[in-house]
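Inspection log for the structure reproduced underneath, given as structure tokens.
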Amino acid sequence: MEKIIIAAVADNGVIGRDNDLPWNLPEDRHLFRDLTLGQAVIMGRHTFESLNRKPLPQRHNIVVSRTLPPRAGVHICPDFDSALTTAQNLAEKVFFIGGEQIYRHALAVADLMILSRVHGNFAGDTFFPQFDANQWRLVSEKDYPGFRKQVLRRRDA
Numbered sequence: 001m002e003k004i005i006i007a008a009v010a011d012n013g014v015i016g017r018d019n020d021l022p023w024n025l026p027e028d029r030h031l032f033r034d035l036t037l038g039q040a041v042i043m044g045r046h047t048f049e050s051l052n053r054k055p056l057p058q059r060h061n062i063v064v065s066r067t068l069p070p071r072a073g074v075h076i077c078p079d080f081d082s083a084l085t086t087a088q089n090l091a092e093k094v095f096f097i098g099g100e101q102i103y104r105h106a107l108a109v110a111d112l113m114i115l116s117r118v119h120g121n122f123a124g125d126t127f128f129p130q131f132d133a134n135q136w137r138l139v140s141e142k143d144y145p146g147f148r149k150q151v152l153r154r155r156d157a
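Counting in full-length UniProt numbering, the sequence shown runs from 1 upward without gaps.
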């Protein structure tokens, strides 16, 4: 199973503010949707709550939470490792879609990162974790209005 981090990250590392994205990039949302359809997505409770507590359609939604009650269309897992195990039984690919703590755990296991490098510095309260760039190699990049999409593969993957 391929393990993929997917994130939109501002120049100053911001990924969120007040449980929302501090920018509006429709093309990035469409790319996210197209890439994740039919696959498993792992997210933290706050990210799930930012989706109005509704699962993303046509995806296997896995939420890491010890407090969220069971709900239709969502696999609730108490920790990152059990979420990853659940994903292995559901899809060929798993996408780690946030937030900050999920990304911290995912950096240790991900094979690929798909980062939308959002142009500009934004006020925020949630940040993408620092990572060792030497462990990753740039596979491709493409410019879009307001952001640059980068695909990075782990060097030992």
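Note that CB positions come from ideal geometry on N, CA and C, so glycine has one too.
Ranked by Cα distance from residue 79, the first of 112, 42 and 22 is 42. Taking a C-beta distance under 7 Å as the contact criterion, residue 28 and residue 147 qualify as a contact pair.
In the structure shown, residue 91 adopts coil according to DSSP, grouped into three states.
The C-beta distance from residue 136 to residue 117 rounds to 14 Å, too long to fall under 8 Å, and the pair is not in contact.
Of the candidates 13, 143 and 65, the residue whose Cα lies closest to the Cα of residue 46 is 65. The beta-carbon separation of residue 40 and residue 87, rounded to 4 Å, stays under the 8 Å limit for a contact.
In this structure, residue 61 sits near residue 55, with a CB-CB distance shorter than 7 Å. Judged by their CB atoms, residue 102 and residue 44 are nearer to each other than the 7 Å cut-off.
If you look at residue 117, you'll find it in the beta strand (DSSP E) that goes 112-118. Secondary structure remark: continuous alpha helix (DSSP H) runs of at least 4 residues inside the segment 17-42, in chain order: 26-36. In the three-state scheme derived from DSSP, where H, G and I count as helix and E and B as strand, residue 45 is classed as helix. Sequence-distant Cβ neighbours of residue 9 in its own chain, meaning closer than 8 Å and more than five residues away, are 15, 115, 116, 117, 118 and 128. A check of alpha carbon separations from residue 149 across 100, 1, 35 and 98 identifies 35 as the nearest. Rounded to the nearest whole angstrom, the C-alpha separation of residue 21 and residue 2 is 26 Å. Of the candidates 32, 19 and 139, the residue whose Cα lies closest to the Cα of residue 50 is 19.
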